[in-house]
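Q: Following our numbering, the numbering of the sequence shown begins with 65 at its first residue and continues without gaps.
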Amino acid sequence: MHAFMPLLVFPYLLVADFHFLLASGKLGALPVPLETGIVVLVLALNAAELFFCIRCLVRALKTVRGGDGGALLVRKAAAVKLLHIPAYLYFFCAGCIMLLFPHMGFVITLLCFLSDLWSISLTGLLMAIALYGAYRRRNVSLRQTVLHGILSFIFCADVIDALYLRLKVFRAPQKGSAGA
Numbered sequence: 065m066h067a068f069m070p071l072l073v074f075p076y077l078l079v080a081d082f083h084f085l086l087a088s089g090k091l092g093a094l095p096v097p098l099e100t101g102i103v104v105l106v107l108a109l110n111a112a113e114l115f116f117c118i119r120c121l122v123r124a125l126k127t128v129r130g131g132d133g134g135a136l137l138v139r140k141a142a143a144v145k146l147l148h149i150p151a152y153l154y155f156f157c158a159g160c161i162m163l164l165f166p167h168m169g170f171v172i173t174l175l176c177f178l179s180d181l182w183s184i185s186l187t188g189l190l191m192a193i194a195l196y197g198a199y200r201r202r203n204v205s206l207r208q209t210v211l212h213g214i215l216s217f218i219f220c221a222d223v224i225d226a227l228y229l230r231l232k233v234f235r236a237p238q239k240g241s242a243g244a
């Protein structure tokens with residue numbers, strides 16, 4: 065699971081960015097070089113996180129192309145999606161609450177939506193790669209691969225589908241079964 069740590073951390077980094085954005089008005093009290101340094105540090109942290117997320121996706125694709133992956137990769141991708149639920153709920157609730165404020169509320173709601181969309185897109189790509197690997201190993205049919213691949217990019221349906229995949233389709237083998 066440590067191989068997917070950049071994707072696991074990504075939405076929570078966006079939560080920290082959201083709080084940084086809300087607190088950025090208070091940065092004016094700091095000296096200009098320090099304020100600029102903090103902003104550059106946050107931007108560099110986000111760029112590094114995005115780089116590591118893309119690297120993680122490329123590594124998963126190489127694993128699938130090499131003939132590995134399959135059910136284990138789908139279970140891990142589903143676990144990543146399920147661990148993102150608190151961040152998804154945070155962005156949804158913060159976006160709804162911010163609609164109550166007339167001036168900045170719409171902008172912050174839009175940022176919450178974009179953060180959710182960005183996070184779902186990255187984990188959706190991971191799930192699509194994992195499903196492709198499962199298809200190549202003949203664990204699922206082409207129809208299931210396409211259906212679950214599409215569902216992995218749709219709000220709320222992605223989490224429900226990840227739970228379904230993890231519990232029903234790609235459950236871990238039971239110990240002591242099948243001649244063990």
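Positions of the beta carbon are idealized from the N, C-alpha and C atoms, including for glycine.
Being a predicted model, the structure only gives us computed values, none of them experimental.
Is Pro70 buried or exposed, if buried means 16 or more other CB atoms sit within 10 Å of its CB?
A: Buried, since its Cβ has 16 or more Cβ neighbours within 10 Å.
Q: Do the segment 77-92 and the segment 106-123 make contact, defined as three or more Cβ pairs closer than 8 Å?
A: The segment 77-92 is in contact with the segment 106-123.
Q: Can you check the segment 67-153 for any alpha helix (DSSP H) of at least 4 residues that lies completely inside it and give the ranges in chain order?
A: The segment 67-153 contains these whole alpha helix (DSSP H) runs: 69-87, 96-129 and 135-147.
Q: Pick out whichever of Val104, Arg201, Thr173 and Ile193 has its Cα sitting closest to the Cα of Ala158.
A: For Ala158, the nearest C-alpha among the options comes from Thr173.
Q: My output table needs one value for His212: the three-state DSSP class, helix, strand or coil.
A: Three-state DSSP puts His212 in a helix.
Q: Inspect the CB distances between the segment 133-151 and the segment 176-196 and report whether three or more fall short of 8 Å.
A: A contact exists between the segment 133-151 and the segment 176-196.
Q: Alpha carbon to alpha carbon, how far is Phe234 from Arg201?
A: When rounded, the distance between both Cα atoms is 13 Å.
Q: What residue does the alpha helix (DSSP H) around Leu172 start on, and which one ends it?
A: The sequence shown places Ile at residue 172, not Leu. Run containing Ile172: Gly169 to Arg200, per the alpha helix (DSSP H) assignment.
Q: For the 8 Å Cβ check, are there 3 or more pairs between the segment 215-234 and the segment 142-149?
A: Touching, yes.
Q: Please tell me whether Ala124 has its Cβ less than 8 Å away from any Cβ of chain B.
A: Going by chain labels, chain B is absent from the structure shown, which holds only one protein chain.
Q: In or out: Ser183 buried (at least 16 other Cβ within 10 Å) or exposed?
A: It is buried - the Cβ of Ser183 has at least 16 other Cβ atoms within 10 Å.
Q: From Ile214 to Pro95, what does the alpha carbon distance come to, in whole angstroms?
A: Spanning the two alpha carbons is a distance of roughly 49 Å.
Q: Cα-Cα, which of Phe219, Phe170 and Ala151 is closest to Pro75?
A: That would be Ala151, whose Cα lies nearest to the Cα of Pro75.
Q: Just to confirm before moving on: does the CB-CB distance between Ala142 and Leu229 stay below 8 Å?
A: Yes, the pair counts as a contact, with Cβ atoms nearer than the cut-off.
Q: Identify, in the order they occur along the chain, each residue of the same chain with its Cβ nearer than 6 Å to the Cβ of Val103, setting aside the five sequence neighbours on each side.
A: Hits under 6 Å: none found.
Q: Relative to the alpha-carbon of Gly133, which residue among Leu231, Phe219, Lys232 and Val204 has its alpha-carbon at the smallest distance?
A: The option with the nearest alpha carbon to Gly133 is Val204.
Q: On a Cα-Cα basis, can you pick out the residue from Asp180, Ile218, Tyr199 and Phe68 that is closest to Arg119?
A: When only C-alpha atoms are compared, the closest one is Phe68.
Q: Can you give the Cα-Cα distance for Ser88 and Val73, rounded to whole angstroms?
A: When rounded, the distance between both Cα atoms is 22 Å.
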